[in-house]
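Trainee:
Residue numbers (our numbering): 1478 to 1567.
(1) On the three-state DSSP scale, how would you describe residue 1503?
(2) From residue 1517 to residue 1539, what distance separates their C-alpha atoms?
(3) To the nearest angstrom, report how far apart residue 1482 and residue 1488 are at their CA atoms.
(4) Which whole-angstrom value describes the C-beta separation of residue 1501 and residue 1512, a residue pair presumed to lie in contact below a C-beta threshold of 8 Å?
(5) Report yes if the CB atom of residue 1523 is closer than 8 Å to the CB atom of residue 1532, and no otherwise.
(6) Rounded to whole angstroms, what's the CA-CA distance from residue 1493 to residue 1529? Just pull it up for me.
(7) Alpha helix (DSSP H) containing residue 1521: first to last residue?
(8) Helix, strand or coil, according to DSSP, for residue 1566 in the structure here?
In structure tokens:
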């Protein structure tokens, strides 16, 4: 029987489980550990998403940008020290 003519298994029927293992190392592993800490997730979760193609990791540095948007007060840089010392920057 060719693969195209095999019957599709019934979704309600128990299927054999699939076990997979993902190993990350080097810079990519460090990026995933750092990202996991920021997101409050485990590095293992992110490694699986990366292996599945859901979480791309750039292989080259991002190019410099000419401009960027900043959503904050216009005097943030000049008053940051004041806010930090007074505790009002929370």
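Think of the CB as a built atom: it goes at the ideal place given N, C-alpha and C, for glycine as much as any other residue.
Mentor: Answer, in terms of the structure:
(1) The sequence position of residue 1503 within the chain shown is 26, counting from 1. Residue 1503: helix per DSSP, three-state reduction.
(2) Residue mapping note: residue 1517 aligns to position 40 of the chain shown, counting from 1. Residue mapping note: residue 1539 aligns to position 62 of the chain shown, counting from 1. Going from the Cα of residue 1517 to the Cα of residue 1539 covers about 24 Å.
(3) As a working mapping, residue 1482 is identified with position 5 in the chain shown. As a working mapping, residue 1488 is identified with position 11 in the chain shown. The straight-line gap separating the alpha-carbon atoms of residue 1482 and residue 1488 is approximately 18 Å.
(4) Here residue 1501 refers to the residue found at position 24 of the chain shown. Here residue 1512 refers to the residue found at position 35 of the chain shown. Contact doesn't hold; Cβ gap of about 12 Å is too wide.
(5) Residue 1523 sits at position 46 when you count from the first residue of the chain shown. Residue 1532 sits at position 55 when you count from the first residue of the chain shown. In this structure, residue 1532 lies closer than 8 Å to residue 1523 by Cβ.
(6) As a first step, residue 1493 must be located in the chain shown, where it is residue number 16. As a first step, residue 1529 must be located in the chain shown, where it is residue number 52. About 20 Å.
(7) By 1-based counting over the chain shown, the position of residue 1521 is 44. Boundaries of the alpha helix (DSSP H) around residue 1521: 1520–1528.
(8) Reading the chain shown from its first residue, position 89 is the one you call residue 1566. Confidence in residue 1566 is poor, its pLDDT being 49 and thus under 50, which makes the residue's placement too unreliable to answer from.
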